[in-house]
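J.: Here it is, the structure in full.
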Amino acid sequence: MSSLTNAIAQAMRHLGERQRVIAQNIANSDTPGYRAQELSDASRSFATLIEGNPGIARPHVTLSEGMARLGAHPLSTGRIIPDPHISEVKPDGNTVTLEDQVLKMGQIQADYAALTGLYRKQMALVRSALGKGGSA
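Read left to right, the sequence shown gives residues 20 to 155 (this note's numbering).
Below you can see the structure in the form of structure tokens.
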């Protein structure tokens with residue numbers, strides 16, 4: 020598999036996991052005290068996954084004692100965390116807003132559609148290169 024295909028697969032797995040978390044939020048939208056959740060790396064769009072150069076790494080940040088005393092928490096990639104972008108808290112303590120969750124699902128759908136389009140183009144290029152009659 021090419022690095023582009025691997026990146027597309029990784030991005031699709033991320034979108035699938037994010038969709039599962041949001042579906043869980045929607046299912047618990049009437050559960051008293053339920054806190055909406057999100058993936059800790061949800062701010063990464065699929066574009067950052069496929070545009071990255073494997074030779075360039077993200078900076079590694081370690082949590083110092085001073086940072087911890089100020090209230091900083093260690094970063095956790097790909098883990099489920101409380102949603103930092105809640106728009107309201109219901110009187111029963113529930114933080115799920117269906118409108119926000121539906122908007123997130125729409126973004127996931129758009130990202131997934133873009134990724135499947137990229138994958139189809141990539142496979143068409145491979146078929147064309149192999150002389151199998153694929154069209155890009």
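Here a beta-carbon is modelled for each residue, glycine too, at the ideal position from N, C-alpha and C.
No experiment lies behind these values; they were computed from the predicted model shown.
1. In terms of residues, what are the limits of the alpha helix (DSSP H) holding I105?
2. Just curious, the alpha helix (DSSP H) that L137 is in, first and last residue?
3. Give a yes or no on whether the C-beta atoms belonging to I27 and Q120 are separated by under 8 Å.
4. What are the start and end residues of the beta strand (DSSP E) that includes L58?
5. Are the CB atoms of Q141 and L23 nearer to each other than 8 Å?
6. Whole-angstrom Cβ separation of I100 and Q43, contact assumed at under 8 Å?
7. Identify the continuous alpha helix (DSSP H) that holds L34 and give its terminal residues.
8. Tell me which same chain residues have a C-beta within less than 7 Å of the C-beta of G52, skipping the five on either side of it?
9. Can you name the start and end residues of the alpha helix (DSSP H) that G85 belongs to?
10. Please state if the CB of Q29 and the CB of M124 are separated by a distance shorter than 8 Å.
11. What would DSSP say about S64, mapped onto helix, strand or coil?
12. Taking just the CA atoms, how far does D130 sit from L117?
13. By Cβ distance, which residues of its chain are closer than 6 Å to R54, with the 5 residues on each side in sequence left out?
14. Return the residue from the list K151, Y138, G150 that minimises the CA-CA distance to S21.
T.: Reading off the structure:
1. Neither: I105 is in no alpha helix (DSSP H) and is coded neither H nor E.
2. For L137, the enclosing alpha helix (DSSP H) stretches over residues 117–148.
3. No, these two residues do not count as a Cβ contact at 8 Å.
4. Per DSSP, the continuous beta strand (DSSP E) segment holding L58 begins and ends at 56–58.
5. Contact flag set, yes.
6. Not a contact, Cβ separation roughly 13 Å.
7. That run of the alpha helix (DSSP H) goes 22–46.
8. The residues are D111, G112, N113.
9. In the DSSP assignment, G85 falls within the alpha helix (DSSP H) that extends over 84–88.
10. Going by C-beta atoms, M124 is not nearer than 8 Å to Q29.
11. At S64 the pLDDT is 49, less than 50, meaning the model places this residue with poor confidence; the figure from the coordinates comes in the next sentence. Looking at S64 - three-state DSSP - the assignment turns out to be coil, as it is neither helix nor strand.
12. Going from the Cα of L117 to the Cα of D130 covers about 20 Å.
13. Answer for R54: P101, T114, listed in chain order.
14. In terms of CA proximity to S21, Y138 leads the group K151, Y138, G150.
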